[in-house]
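Visitor: This is the structure I want to talk about, given as structure tokens.
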Amino acid sequence: MTKADLVEEISARVNLSKKDTGIVVNLVLDNISLALSRGDKVELRGFGSFRVKQRRSRRARNPRTGTSVAVPAKLVPFFKASNELKSLVNGEEPGSEGTA
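Read left to right, the sequence shown gives residues 75 to 174 (this note's numbering).
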């Protein structure tokens, strides 16, 4: 699903124009991005959470030349799905994980 598909789906469900829905979707994504750029965690209950993780520096190999290169440490965005989302993806009832 692309952002355009998402806008179209939401627009049809809430009876808003695609233009207005697109603005709302962009605002949500912009605010998530801004929060992550500040180092904040974004938690969407029932869906998951976004946060920034530190990736350590490491040695890698250039595939063309075979020479070893240093890859510096960097921050990367990270998403962790909620248990409810994991259950939904696996075709289970939300809240049924771990029950026998």
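Don't be surprised by glycine CBs; every beta carbon is placed ideally from N, CA and C. Model, not experiment: these values are computed from the prediction.
Take every Cβ of the region 136-149, pair it with every Cβ of the region 99-107, and state whether three or more of those distances are shorter than 8 Å.
Guide: They do not touch, by the three-pair rule.
Visitor: Just to confirm my understanding: we take residue 129, look at its own chain, exclude 5 residues before and 5 after, and list those with CB closer than 8 Å. What are they?
Guide: 147, 148, 149, 150
Visitor: Do you know offhand how far residue 164's Cα is from residue 96's?
Guide: Cα-Cα distance, rounded: 30 Å.
Visitor: Considering only their Cβ atoms, is the gap separating residue 158 from residue 120 smaller than 9 Å?
Guide: yes
Visitor: Could you name the residues of the same chain whose beta carbon sits closer than 7 Å to that of residue 131, not counting the 5 residues immediately before and after it, in chain order?
Guide: 144, 145, 146, 147
Visitor: In the DSSP output, what is residue 109 paired with across the bridge?
Guide: DSSP, once it has assigned bridges, lists no residue as partnering residue 109.
Visitor: Helix or strand or just coil, what does DSSP make of residue 103?
Guide: helix
Visitor: Counting only runs that start and end within the region 115-144, where is the beta strand (DSSP E) found for 3 or more residues in a row?
Guide: 116-118, 122-129, 132-135
Visitor: Just to confirm, are residue 48 and residue 99 a CB contact at a threshold of 9 Å?
Guide: Outside the shown range of the chain (75 to 174) lies residue 48, about which nothing can therefore be said.
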